[in-house]
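Participant: Please find one structure pasted underneath; my questions will follow.
Residue numbers (our numbering), protein chains in the order written: chain V, 8 to 243; chain H, 57 to 310.
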C-alpha cells in the first residue's frame, strides 16, 4: 500500500468580512494520525470543508492523492468523512440513512450491518435518528465514513458527545487505521481528547497556520503540552 | 446515474412525507370533485354543466391543482430538507458533481408528479363515474376530449415535480419555500386570476397554464391552448432548473 497524502496549499476563504482561513498550507502524511487543532472559530471546519469540495476557496488548493476532491474517481471509497454529528434526517432510521448512502455509492448492502456492528449501533439501527443521543449520532456519522472502507479519514470533532468509553474506542479506531498505512486527519478544539493518539499536529490560530510538526517535541520549552498549545494559539 | 436515482428514491421512501402529501392531494381532489358534482344542477353555478364535454373536461382537470401543488411541496421539501437537516454534506460528499444530484432529484420527483397526478385522476374517476351515472349522465372517459385532459393533468404533475425541485434548489430555505408555494397556489393565484381585466396576463401563470394544458375552457375567462400551456410550463421549468443548478453549484455547503 502506497498511502495517500493530503496537500493543502495557500487556502484562503472569507465569509463576508470574516477572514476564516488565510494562506493556509500544510501536509498530512499516511500512516500517522494527524491532529488538526485550534480554538473554536480558528477555521478548522472551513478548511476541512474546502478540502472536501463543500466550500469553494477564494484562493489556494487542497488535494488528496494529487487531485481535488471532485476529481476523485470514487470519492467515497477514497475518503471517509464525518463532519457533522447532527446531519441526519430526524425521521429516518440509522440503518436507512446508511442504506441510502450505500445505494448511491454502489456499496453492498452487507456493509450497512458491518459498520453498524463496528460502531456499536446495531441495537439502535431501526430507530429514528431523532431519538439518538449526541454520542449515538457521532457513531452514526463515523459509520457513514467507514462504509466505503476508505484510504483517508477526515473527522471533524469526532469526540464531541462521546462518553469516555466511546473516546477510548475512537482513539483505538484511529490508531488501527493509521497503523494500516491509511491517512487520518482529525480535528479537535480540545487537545487532551486526542493527545494520546495523534502523532503529528497541525495547529491553527485565527485562520493561519500556527504550528506543524510532531506532537512529541511540542511541549519542549513549555511547562506542559497545554501551555504550549495555549502559547501557540494565543494572540495571533 | 442509476445509482443516484435509486439513492434519491431510497431517501423519499424512508420517510412518510410522500404518503401524507399524496393522501392530502387525493382528499382535496375528492372534496373539489364532490362539490363540483353536488352543485352541478345549482342554477347559480356558472360552470358548464357536467352533461357537456366542456363540463366533463373541467371535472377531470380538477385533479391538477391538488396533485401539482402537493407534489411541488414534496419535491421542494426533498431538496431543502438536505440543507435544513445538513444531509447535503453527505449527499455532496458521495456525489461531488452537484448538478448530477439535482438531475437525480428531477428524475425522482417528475416520477412522483406522474404518480400523484394519476392517483388524483383515479379519485375523480372513482367518484365521478358512478355519481354521474346516478344522475343519468354518461361520464365517457374515452371521449369528449377527456383522454387529452387526463394526459394534460399527468404532464402538469411532471412539470410541477420538476418546478418543486428547482424552486427548492434556488431558495434552499424550507419553510419559506413550502409556505410560499402553498400561499401562491391556494391564495395568490386564485385572487389574481379572478380579476377578469388581468386575464390576458394571468393565463401565463403556472396554474392557469396547467389548466390550459388540460384543455379547460370557460366562458368567463380565457385559458391558453393546450400546446401553449405546455410550452409555457416547460419555459418555467427550464428557467428555474437552470437557475437552481447554478445556485447549487456555486453555494458553499457549511
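A virtual CB, placed ideally from N, CA and C, is assigned to each residue, including glycine. Given the structure is predicted, the values throughout are model-derived calculations rather than measurements.
Against chain V, does residue 143 of chain H count as a neighbour if the rule is that its beta carbon must be under 8 Å from one of theirs?
Facilitator: Numbered from its first residue, the second chain carries residue 143 of chain H at position 87. Closer than 8 Å: yes.
Participant: For residue 197 of chain H, which residues from the same chain have a beta carbon less than 7 Å from its beta carbon, with the 5 sequence-adjacent residues on both sides left out?
Facilitator: On the second chain, residue 197 of chain H is found 141 positions in, with the first residue counted as 1. Answer for residue 197 of chain H: 181, listed in chain order.
Participant: Chain H beta carbons: is any one of them nearer than 8 Å to that of residue 214 of chain V?
Facilitator: As a working note, residue 214 of chain V is residue 207 in the first chain. Not an interface residue.
Participant: Once you ignore the five residues that flank residue 229 of chain H on each side, which residues in its own chain have a CB closer than 7 Å to its CB?
Facilitator: If you number the second chain from 1, residue 229 of chain H lands on position 173. Result list for residue 229 of chain H: 136, in chain order.
Participant: Would you mind giving the Cβ-Cβ distance between residue 220 of chain H and residue 127 of chain H, rounded to the nearest angstrom? I have them listed as a contact below 8 Å.
Facilitator: Residue 220 of chain H sits at position 164 when you count from the first residue of the second chain. Residue 127 of chain H sits at position 71 when you count from the first residue of the second chain. Sure, about 7 Å apart at Cβ, within 8 Å.
Participant: According to a CB-to-CB cut-off of less than 8 Å, which residues of the region 68-87 of chain V neighbour chain C?
Facilitator: Going by chain labels, chain C is absent from the structure shown, which instead holds the protein chains V and H.
Participant: From the DSSP output, read off the bridge partner residues of residue 42 of chain V.
Facilitator: Working through the first chain from its first residue, we reach residue 42 of chain V at position 35. Beta-bridge pairing links residue 42 of chain V to V/193 and V/208.
Participant: Quick one: which chain V residues come within Cβ less than 8 Å of residue 302 of chain H?
Facilitator: Here the question's residue 302 of chain H lines up with position 246 in the second chain. Result: empty, since nearest Cβ-Cβ is about 13 Å, beyond 8 Å.
Participant: Near residue 197 of chain V, which residues of its chain fall below 8 Å by C-beta distance, leaving aside the five closest residues on each side in sequence?
Facilitator: For this step, residue 197 of chain V is matched to residue 190 along the first chain. Contacts found: 166.
Participant: Indicate the three-state DSSP secondary structure (helix, strand or coil) for residue 226 of chain H in the structure shown.
Facilitator: Position 170 of the second chain, counted from the start, is the residue given in the question as residue 226 of chain H. Reduced to three states, the DSSP call for residue 226 of chain H is helix.
Participant: What do you get for residue 294 of chain H, buried or exposed, if any count of 16 or more other CB atoms within 10 angstroms of its CB means buried?
Facilitator: Taking the second chain and counting its residues from 1, one reaches residue 294 of chain H at position 238. Residue 294 of chain H sits exposed, since fewer than 16 C-beta atoms from the chains shown fall within 10 Å of its C-beta.
Participant: CA-CA distance, residue 81 of chain H and residue 287 of chain H?
Facilitator: Working through the second chain from its first residue, we reach residue 81 of chain H at position 25. Working through the second chain from its first residue, we reach residue 287 of chain H at position 231. Those two C-alpha atoms are separated by around 25 Å.
Participant: What's the call for residue 224 of chain V, buried or exposed, on a 16-neighbour Cβ count within 10 Å?
Facilitator: Numbered from 1 along the first chain, position 217 holds the residue referred to as residue 224 of chain V. Burial is judged here by how many other beta carbons sit within 10 angstroms of a residue's own beta carbon; residue 224 of chain V has fewer than 16 and is exposed.
Participant: Assuming contact is defined by CB atoms lying nearer than 8 Å, are residue 13 of chain V and residue 190 of chain V in contact in what I supplied?
Facilitator: Indexing the first chain from 1 puts residue 13 of chain V at position 6. Indexing the first chain from 1 puts residue 190 of chain V at position 183. Closer than 8 Å, so yes.
Participant: Do the CB positions of residue 240 of chain V and residue 201 of chain V come within less than 8 Å of each other?
Facilitator: Residue 240 of chain V sits at position 233 when you count from the first residue of the first chain. Residue 201 of chain V sits at position 194 when you count from the first residue of the first chain. Going by C-beta atoms, residue 240 of chain V is not nearer than 8 Å to residue 201 of chain V.
Participant: Below 8 Å between beta carbons: does that hold for residue 96 of chain H and residue 267 of chain H?
Facilitator: As a first step, residue 96 of chain H is located in the second chain; it is residue number 40 there, counting from the start. As a first step, residue 267 of chain H is located in the second chain; it is residue number 211 there, counting from the start. The Cβ atoms of residue 96 of chain H and residue 267 of chain H lie no closer than 8 Å to each other.
Participant: The region 132-157 of chain H: which residues have C-beta closer than 7 Å to a C-beta of chain V, in chain order?
Facilitator: Cβ contacts with chain V come from 137, 141, 142, 143, 145, 146, 148, 149, 150, 151, 152 and 153.
Participant: Name the residues in the region 102-123 of chain V whose C-beta lies less than 7 Å from a C-beta of chain H; which are they?
Facilitator: 103, 106, 107, 108, 110, 111, 112 and 113
Participant: Where do the N-terminal and C-terminal ends of the beta strand (DSSP E) with residue 89 of chain V fall, by residue?
Facilitator: The sequence position of residue 89 of chain V within the first chain is 82, counting from 1. 86-89 is the extent of the beta strand (DSSP E) around residue 89 of chain V.
Participant: Assuming contact is defined by CB atoms lying nearer than 8 Å, are residue 213 of chain H and residue 169 of chain H in contact in what I supplied?
Facilitator: Walking along the second chain from the start, residue 213 of chain H turns up at place 157. Walking along the second chain from the start, residue 169 of chain H turns up at place 113. Yes; because the gap between Cβ atoms is below 8 Å, this pair is in contact.
Participant: Under 8 Å between C-beta atoms, does residue 243 of chain V make it to chain H?
Facilitator: Within the first chain, numbered from 1, the residue matching residue 243 of chain V stands at position 236. The pLDDT assigned to residue 243 of chain V is 45, lower than 50, so where the model puts this residue is not dependable, and the model offers no usable value.
Participant: Is it true that the CB of residue 111 of chain V sits closer than 8 Å to the CB of residue 70 of chain H?
Facilitator: Residue mapping note: residue 70 of chain H aligns to position 14 of the second chain, counting from 1. Residue mapping note: residue 111 of chain V aligns to position 104 of the first chain, counting from 1. Not a contact, by the Cβ cut-off of 8 Å.
Participant: Using beta-carbon positions only, say whether residue 145 of chain H and residue 91 of chain V come within less than 8 Å of one another.
Facilitator: Within the second chain, numbered from 1, the residue matching residue 145 of chain H stands at position 89. Within the first chain, numbered from 1, the residue matching residue 91 of chain V stands at position 84. Cβ atoms of residue 145 of chain H and residue 91 of chain V: closer than 8 Å.
Participant: So that I know if they touch, is there some Cβ in chain H lying closer than 8 Å to that of residue 209 of chain V?
Facilitator: Taking the first residue of the first chain as 1, we reach residue 209 of chain V at position 202. At a cut-off of 8 Å between beta-carbon atoms, residue 209 of chain V makes no contact with chain H.
Participant: Verify whether the separation of the beta carbon atoms of residue 104 of chain V and residue 114 of chain V is less than 8 Å.
Facilitator: Start at 1 with the first residue of the first chain, and residue 104 of chain V comes out as number 97. Start at 1 with the first residue of the first chain, and residue 114 of chain V comes out as number 107. Their beta carbons are not under 8 Å apart, which means residue 104 of chain V does not touch residue 114 of chain V by this criterion.
Participant: For residue 207 of chain V and residue 39 of chain V, which I take to be in contact (beta-carbon distance under 8 Å), what is that distance rounded to the nearest angstrom?
Facilitator: Numbered from 1 along the first chain, position 200 holds the residue referred to as residue 207 of chain V. Numbered from 1 along the first chain, position 32 holds the residue referred to as residue 39 of chain V. Indeed they touch by this definition, with Cβ atoms about 5 Å apart.
Participant: Please classify residue 193 of chain H: does DSSP put it in a helix, a strand, or coil?
Facilitator: Translated into the one-based positions of the second chain, residue 193 of chain H becomes position 137. In the structure shown, residue 193 of chain H sits in coil (DSSP, three-state: anything other than H, G, I, E or B).
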